[in-house]
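Engineer: Each step along the sequence shown adds one to the number in the working numbering, with nothing skipped, and position 74 is 75.
Where is the CB? At the ideal position from N, CA and C, for every residue including glycine.
Supplied in structure tokens, the structure appears directly below.
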Amino acid sequence: MIPDVSKALSWLEAHPHVLNGIKRGIERETLRVTPQGHLATTPHPASLGSALTHRWITTDFAEALLEFITPVDDSVDHTLAFLRDIHRHVSRELGSELMWPLSMPCFINSEDNIELAQYGSSNVGRFKTLYREGLKNRYGALMQTISGVHYNFSLPLEFWQAREGITDEQSGKDKISEGYFRLIRNYYRFGWTIPFLFGASPALCSSFITGRETQLPFEKLESGACYLPYATSLRMSDLGYTNTTQSNLGITFNDLETYVQGLKRAISTPAPQFEALNDKKDGRYQQINSNILQIENEFYAPIRPKRVTKKGESPSDALLRGGVEYIEVRALDINPFSPVGIDADQARFLDLFLIWCTLADAPMMSSEELQCTRYNWNRVILEGRKPGQTIGIGCDSARQPLDVVGKALFADLMRVAEVLDSGNSNTLYQNVCKKLVSAFDDPELTFSGRMLQAVKDVGIGRFGLALAEQYRQSLQSEPLSVLTEDVLESERIGSLRRQEEMEQQDTVSFDDYLAEQNRR
């Protein structure tokens with residue numbers, strides 16, 4: 002069962018002020034598609050500015066894969082309002098194109114139609130594109146078009162001062178990092194609740210698996226969609242945005258030092274299966290290097306410890322310098338029932354869950370137990386809504402009914418919700434608990450249950466296109482609420498200027514730049 006968190010919850014109830022000032026940020030990905038639901042083959046719209054240097058609007062793997070980034074904020078509602086303004090603005094700049102509202106991609110006839118994201122002629126921009134070239138050559142371009150939402154979260158310094166007895170962030174960075182790694186271990190043990198509640202990819206377009214080997218027992222609809230009857234998040238499965246070759250890296254989450262050691266080992270250890278890609282093809286590089294990971298960002302994980310990097314600093318060096326600053330939750334599918342891919346209920350649930358993960362005891366986790374947690378996640382990902390589904394907590398523990406474990410967790414989350422609501426003089430967090438817990442009695446209330454029924458009714462293409470068109474019309478008709486047209490235009494112009502300056506400031510060839518990056 003879940004850990005006994007009663008003492009920690011009592012402490013929290015006696016110190017409610019320590020949760021004032023939680024910081025959040027959201028990153029949302031979405032494919033640009035044609036009115037017919039095909040992947041857009043047009044370049045990133047020039048009217049949106051530079052994808053390399055724009056603070057809020059960029060691209061991820063592909064030129065057609067938009068990514069929207071909100072600033073760090075201490076208000077759920079303001080963060081979502083900012084995100085919606087980005088969507089409103091972009092929707093008006095896309096012409097007839099639409100933003101695909103699902104995690105799994107639209108109809109893609111050929112991987113050759115997927116153009117890698119382009120970032121200009123600077124060494125930094127060419128390096129970013131080459132990284133994507135390596136991903137394409139290693140894992141295939143289709144997998145990289147899968148979209149998701151990342152939720153960045155940090156607790157206020159006052160929490161760590163009261164809980165860990167530290168005085169300031171710098172002197173207390175080790176204690177803060179320990180706390181965030183405790184959060185991460187509990188996330189691995191209990192984070193399957195996220196795909197259970199919010200997984201929204203129980204089905205996919207059959208074009209996604211055409212020519213691919215899979216052992217999954219898909220059922221097929223007349224519309225062409227393939228699905229698993231109890232699946233929650235095929236995006237999180239081996240079919241989706243994962244990399245099974247990384248499962249033996251031995252990267253654990255017990256402390257900052259061993260985590261960074263594992264990452265650095267992976268980015269410096271040659272992988273024989275990638276050595277053939279070292280040869281140029283038609284005079285062009287095929288990857289950054291042949292190591293297990295080209296760079297640290299290639300490490301796929303449902304959660305990451307993070308710190309904002311300084312210029313020229315790697316993510317792991319930033320962690321060693323200042324400790325963990327925030328965590329990045331990466332297990333969220335696009336919410337098809339929201340025009341911006343995520344809603345306030347999800348954000349508030351994540352706040353509650355991540356606070357609970359920080360408070361609960363989290364024994365050290367071996368590589369073997371980490372694999373056990375992945376098995377739990379896979380059960381939920383592939384058949385989480387199956388009647389009578391059970392879940393394990395550790396490698397040796399007896400399996401428990403999933404609904405019993407879920408309800409026990411929510412009993413704790415309700416106490417956290419009461420603390421958060423007391424500081425805001427409302428019941429928003431408690432309302433989220435009351436609403437979501439009902440899904441453990443009726444899994445068809447989950448996103449995946451609701452979506453699968455709609456897909457069965459109309460097909461996945463028609464479902465996605467109808468939502469995309471609906472959201473385009475609503476977003477285009479809405480006025481901006483946080484941003485202004487002047488601010489957006491200023492950022493567009495500024496992003497183009499910053500890219501031009503980067504291109505003019507390069508003093509070495511790309512060959513030399515790449516060699517220097519690989520020596521670091």
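(1) State buried or exposed for H88, treating a residue as buried only when at least 16 other CB atoms are found within 10 Å of its CB.
(2) Can you give me the start and stop residues for the beta strand (DSSP E) that K24 sits inside?
(3) On a CA-only basis, which of A363, P444, L468, I289 is nearest D516? Give me that one, please.
(4) Closest to I328 by C-alpha separation, out of E30, L49, V73, would be which residue?
(5) Does the distance from the C-beta atom of I461 to that of S104 stay below 7 Å?
(6) With a cut-off of 8 Å on the beta carbons, I'd call A82 and L117 a contact; round off their distance for me.
(7) Which one of T259, K457, T359 has the shortest CA to CA distance from S224?
(8) Under 8 Å by Cβ, that's how I've got S317 and V405 pegged, so tell me the actual separation to the nearest angstrom.
(9) Would you grab the beta carbon distance between I147 and R236 for me? Rounded to a whole angstrom, and I think it's under 8 Å.
(10) Whole-angstrom Cβ separation of Y132 and I296, contact assumed at under 8 Å?
(11) Which of helix, strand or coil does DSSP assign to S269?
(12) Please report the distance separating the alpha-carbon of G251 from that of S178.
(13) With a floor of 4 residues, list each alpha helix (DSSP H) that falls wholly inside the stretch 148–176, ordered by position along the chain.
(14) Whole-angstrom Cβ separation of V91 and I58, contact assumed at under 8 Å?
(15) Determine the burial state of G50: buried for a count of at least 16 other Cβ atoms within 10 Å of its Cβ, exposed for fewer.
(16) For M1, which residues in the same chain have their Cβ closer than 8 Å to its Cβ, ignoring the five residues on either side in sequence?
(17) D78 to P17, Cα distance in whole Å?
(18) Fully enclosed by the stretch 207–244, which beta strand (DSSP E) runs are 3 residues long or longer?
(19) Does the stretch 395–411 come into contact with the stretch 430–441, if we say contact requires no fewer than three beta-carbon pairs (one atom in each stretch) closer than 8 Å?
(20) Can you look up M100 in the DSSP assignment and give me helix, strand or coil?
(21) For G166 and W12, what's the separation of their Cα atoms in angstroms?
(22) When we look at the beta-carbon of Y181 and count the other beta-carbons within 10 Å, is it buried (16 or more) or exposed?
(23) Taking all protein chains shown into account, do 16 or more other C-beta atoms lie within 10 angstroms of the C-beta of Q347, making it buried, or fewer, making it exposed?
(24) Would a C-beta distance cut-off of 7 Å place I293 and A267 closer than the cut-off?
(25) On a Cα-Cα basis, can you pick out the residue from G126, A47, I185, D344 that is closest to S155?
(26) Going by beta-carbon coordinates alone, are K174 and G395 separated by less than 7 Å?
(27) If we require 4 or more residues per run, which alpha helix (DSSP H) segments fall completely within the stretch 333–416?
(28) Between the alpha carbons of Y522 and P203, how many angstroms are there, rounded?
(29) Roughly how many angstroms separate the alpha carbons of W193 and E258, rounded to a whole number?
(30) Is it right to say Q216 is buried, meaning 16 or more other beta carbons lie within 10 angstroms of its own, or is it exposed?
(31) Would you decide whether T188 is buried or exposed? Buried here means 16 or more other CB atoms lie within 10 Å of its CB.
(32) Please classify K8 as buried or exposed, where buried requires at least 16 neighbouring CB atoms within 10 angstroms.
(33) Return the bridge partner residues of L205 from the DSSP annotation.
(34) Determine the direct distance from the alpha carbon of D422 to that of L20, and round the result to whole angstroms.
(35) Quick one: grab the DSSP three-state call for D1.
(36) Quick one, which of S269, S482, E504, W378 has its alpha-carbon nearest R521's?
Structural biologist: In this structure, then:
(1) buried
(2) 24–34
(3) According to the sequence provided, residue 516 is Ala. The question's Asp does not apply to it. A516 has its Cα closest to that of I289, out of A363, P444, L468, I289.
(4) V73
(5) no
(6) Going by Cβ atoms, the distance from A82 to L117 rounds to 32 Å, so no, they are not a contact pair.
(7) K457
(8) Rounded, the Cβ-Cβ distance is 39 Å, inconsistent with contact.
(9) 5 Å
(10) 6 Å
(11) coil
(12) 20 Å
(13) 158–165
(14) 6 Å
(15) buried
(16) Outside the modelled stretch of the chain, which goes from 2 to 521, sits residue 1, for which no answer is possible.
(17) 20 Å
(18) 226–228
(19) yes
(20) strand
(21) 14 Å
(22) buried
(23) buried
(24) yes
(25) I185
(26) no
(27) 345–360, 368–384
(28) The structure shown has nothing for residue 522, since the chain only spans 2 to 521.
(29) 26 Å
(30) exposed
(31) The amino acid occupying residue 188 in the given sequence is Tyr; Thr does not appear at that position. Buried, because 16 or more other Cβ atoms sit within 10 Å of the Cβ of Y188.
(32) exposed
(33) C227
(34) 11 Å
(35) Since the first residue of the chain shown is 2 and the last is 521, residue 1 is not available in this structure.
(36) S269
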